[in-house]
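2 protein chains.
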Amino acid sequence: MSKTKKDVTIYDIAAQLDISVATVSRALRDDPVVSDKTKKRVFELAEKNGYQANQFARSLRQQHTNTIGVIIPRLNSYFMATVIAGIENVANQAGYNLIISQSSESAEREGINVRTMFNNRVDGLLVSLSYLTSNLEPFEKFAKKNIPVIFFDRTPESSSFTNIRINNVQAGYEATKHLLSQGRRRIAHVTISSTQSIYKERFLGYAMALAEFGIPLDKSLIYLADLSMESGTDAAKHLLSLPTRPDAVFVVNDNCAAGLVIGLKAKGIRVPEDIAVVGFNDDPVSRIVEPNLTSIHYPGHQMGELAARSLINHLTGAGDIMLTQTILLRSDLVIRQSSGVPVPSR
Amino acid sequence: MSKTKKDVTIYDIAAQLDISVATVSRALRDDPVVSDKTKKRVFELAEKNGYQANQFARSLRQQHTNTIGVIIPRLNSYFMATVIAGIENVANQAGYNLIISQSSESAEREGINVRTMFNNRVDGLLVSLSYLTSNLEPFEKFAKKNIPVIFFDRTPESSSFTNIRINNVQAGYEATKHLLSQGRRRIAHVTISSTQSIYKERFLGYAMALAEFGIPLDKSLIYLADLSMESGTDAAKHLLSLPTRPDAVFVVNDNCAAGLVIGLKAKGIRVPEDIAVVGFNDDPVSRIVEPNLTSIHYPGHQMGELAARSLINHLTGAGDIMLTQTILLRSDLVIRQSSGVPVPSR
DNA sequence: TACAAAAATGTAACCGATTACATTAATTTT
DNA sequence: AAAATTAATGTAATCGGTTACATTTTTGTA
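Heads up: the protein sequence lines correspond to chains B and E, in order.
This note's numbering puts the first sequence at residues 17 to 362.
This note's numbering puts the second sequence at residues 17 to 362.
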């Protein structure tokens, strides 16, 4: 096995140029205190020798890593991909690296990831919580060391951290109200049994809209799924087995809604004529399933950019910025065929 | 702003226990040479003080990071999510961290990512190439330093690195042959103009199948798309504008195939009666679009596990393991309604 | 009891950068 | 031309672990 060549260090460069490592170090970081002549010599030799700074030595000394940790539940949704793209945009621009890891919707795995990020001394953390996270204890370490943590989308119910999300109550309200305004009165709700407030809030919006129309909440119309496509199909079966069928369903997630639509159609139910459906997230799947899904759209890319930008501001910003804040992004109902409104075909 | 407390180091622990840092260091790593009594004392104090090892100091000294870099074109496909889950499984188990970044199908961005990974001294690299990568020069650094790089799925045409992929020629051949065996004779092909051999190979399989049936290759039936859903719809428009319509289409990607199906249906074409469609990847979308897509399935999770396992073997393994190899995974045609075979409804 | 071997611990160099402080060189000012 | 500034470079400590080698302590054996 061929011997790996040693890396070239600033010591090598200093020796070859017969100057001190300090000057080399400064030259490489373009410190104005170094003369242009010397800089040029250093740059050229560094380039020639393929010098690469050793990040560990640097991090060890500087006590920061220029790295941002990102922890998300799953990599496989279009929405998350969009958010991450937004984060990357901003982070790369500002010279930060990203470490991404997924909790796979497990609170335990999430805890491990948080710990790993902590050990790797990320400068800050961007997190969207798993379904099952119930305590924020793993994040306390960050708070204690004054390392900023920002939650986005699936944010904790209450905490001393910054949150970036949409108004889920309102979104749930709008989705439900839309169905009500279509004349639907028996509206089911498919959601997940989760500690995540985001789903509780959507439910709350749903309940509020019903209340506004004087419709009592019917527990039998609430179906708890895991929000997979398959669980949507199961939800369809369940809802159809009810003594009195619903005439509409509000699902908290498009994938699941798509499964639901497929399940309904398989049983000969017409969507939206017999049962109208509204989803959530405006995933591309909403434009593939037939009929296309009415859904709640909200800006993932922007959310990612905002989260990253806020974090980096915390990191570089002067002044006391550890204060709690919640940033609310706007969400919109996108009306398509599944909710029973005639949409002009293009 | 509250002052950040200094981290506790092995020096603190050593001082408090009145032993040397060397012993503390060894104890913490459970070195058998340290007595159980001492270990216990060290562990307890470390726990009590919330000691966290400084990874930089460790990496700086040990010259490795226990980190694996993963570079993929996009995070937003189901297939990739599956692969990554597989990689994570193995990596976590073996105590490796992951740094994931996406090239966004840009060769330039990919190059930057490779460089970043290199600077961060990942122990190894797992890569699926962008559409546009034409030269492997950025990876040479890794080769030179004897850091293992493994390509998966979208592997380079030829290189001295290890590749893990499927037999794309055969898969393309099977997809096309399936359509031929359904009696289709005018089969279009939607693919991408890419330097990636994987698409060239699928095309080759397509061409081989046609040749086997004595059908000359008709260039007008080849449509170059960007493989997005929208581009699939464009492809539909194009194919329908042809003087003689195709009676089948083989699309190299399910998303694009879904868009194609939607486009065809919008023009009143029946799928599969008028035009049969076969996709690629067995993405969940294949089970949502109507009719469901016949597609090529291959095991993403397994591919990820295998890639990670191979890499870690390279890393820990004894002996000379820098030799080139290509691992071929099995792929299967999954027949659904879109290709015109009656499928018993369940 | 004395000595050899094994077990446990300690010393100090090292990994590669950064940076406060000191020193020397080049310009300006008087 | 000497003194005062300013610019450029150098010295050496530091970040927090790891580990080769040395030393001390314990245990086992003759």
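Backbone N, C-alpha and C fix where the C-beta goes; we use that ideal spot for every residue, glycine too.
Helix, strand or coil, according to DSSP, for B/Ser16 in the structure here? Lying before the first or after the last residue shown, residue 16 of chain B is absent from chain B, which here runs from 17 to 362.
State the Cα-Cα distance for the pair B/Glu60 and B/Gln68, rounded to the nearest angstrom. 13 Å
Enumerated in chain order, which unbroken segments of the alpha helix (DSSP H) with a length of 4 residues or greater are wholly contained in the region 169-222 of chain B? 184-197
According to a CB-to-CB cut-off of less than 9 Å, which residues of the region 292-308 of chain E neighbour chain B? Pro300, Val301, Arg303, Ile304, Val305, Glu306
So who's on the other strand from E/Ile26, going by DSSP bridges? E/Ile26 pairs with nothing; no bridge assigned.
Complete runs of the beta strand (DSSP E) confined to the region 235-289 of chain E [at least 3 residues]: 238-240, 264-267
Going straight from the alpha carbon of B/Pro154 to that of B/Asn129, what length do you get? 9 Å
Which chain E residues sit within Cβ distance under 8 Å of B/Arg90? Chain E residues near B/Arg90: Ala97.
Within the region 59-111 of chain E, note down every full alpha helix (DSSP H) run reaching 4 residues or more, in order along the chain. 71-78, 94-109
Closer than 8 Å, CB to CB, is B/Ser75 near chain E or not? yes
In three-state DSSP terms, what is B/Val40? DSSP places B/Val40 in helix when its eight states are reduced to three.
Residues that E/Leu344 bridges to, as DSSP identifies them: E/Arg181
Would you mind sorting B/Pro48 into buried or exposed? The rule is 16 or more other CB atoms within 10 Å of its CB. Exposed.
Please tell me whether B/Leu223 has its Cβ less than 8 Å away from any Cβ of chain E. What sits at residue 223 of chain B in the sequence shown is Ala, not Leu. For B/Ala223, the answer is no, since every Cβ of chain E falls outside 8 Å of its Cβ.
Separation of E/Ala38 from E/Tyr27, as counted between CA atoms: Near 9 Å, if we compare the C-alpha coordinates of E/Ala38 and E/Tyr27.
At which residues does the alpha helix (DSSP H) containing E/Gly140 begin and terminate? Careful: E/Gly140 lies outside any alpha helix (DSSP H), inside the beta strand (DSSP E) at 140-143.
Same chain only: Cβ atoms within 7 Å of E/Val287, ignoring 5 sequence neighbours per side: Val277, Leu280, Lys281, Val293, Pro307, Ser354
With a threshold of 8 Å between beta-carbons, can B/Arg137 be considered close to chain E, or not? yes
From this set, E/Tyr112, E/Arg137, E/Tyr147, E/Phe134, which residue's C-alpha is nearest E/Ser122's C-alpha? Residue nearest to E/Ser122 within the set E/Tyr112, E/Arg137, E/Tyr147, E/Phe134 is E/Tyr147 (criterion: CA-CA distance).
According to the neighbour-count rule (16 or more other Cβ atoms, all chains shown, within 10 Å of its Cβ), is B/Gly230 buried or exposed? exposed
Closest to E/Thr178 by C-alpha separation, out of E/Tyr215, E/Asp348, E/Gly356, E/Leu344, would be which residue? E/Leu344
Give me the Cα-Cα distance between B/Gln71 and E/Pro232, rounded to the nearest whole angstrom. The straight-line gap from Cα to Cα measures roughly 57 Å.
Closer than 6 Å by C-beta to B/Arg218: which residues in its own chain qualify, once you throw out the five before and the five after it? Chain order, please. Asn184, Gly188, Val268
If you follow the beta strand (DSSP E) that E/Ile312 is in, where does it begin and where does it stop? 311-313
Under 9 Å between beta-carbons, which chain B residues line up against E/Gln318? List them in chain order, please. Result: empty, since nearest Cβ-Cβ is about 16 Å, beyond 9 Å.
Would E/Gln71 pass as an interface residue toward chain B - the criterion being a Cβ-Cβ separation below 8 Å? yes
What do you get for B/Gly111, buried or exposed, if any count of 16 or more other CB atoms within 10 angstroms of its CB means buried? exposed
For B/Ala292, which residues does DSSP report across the bridge? B/Ala264
For B/Leu349, name the three-state secondary structure that DSSP assigns. strand
At a cut-off of 7 Å, is E/Ser117 close to the ligand NAD when judged by its beta-carbon and the heavy atoms of the ligand? Ligands displayed in this structure: none; no statement on the ligand NAD is therefore possible.
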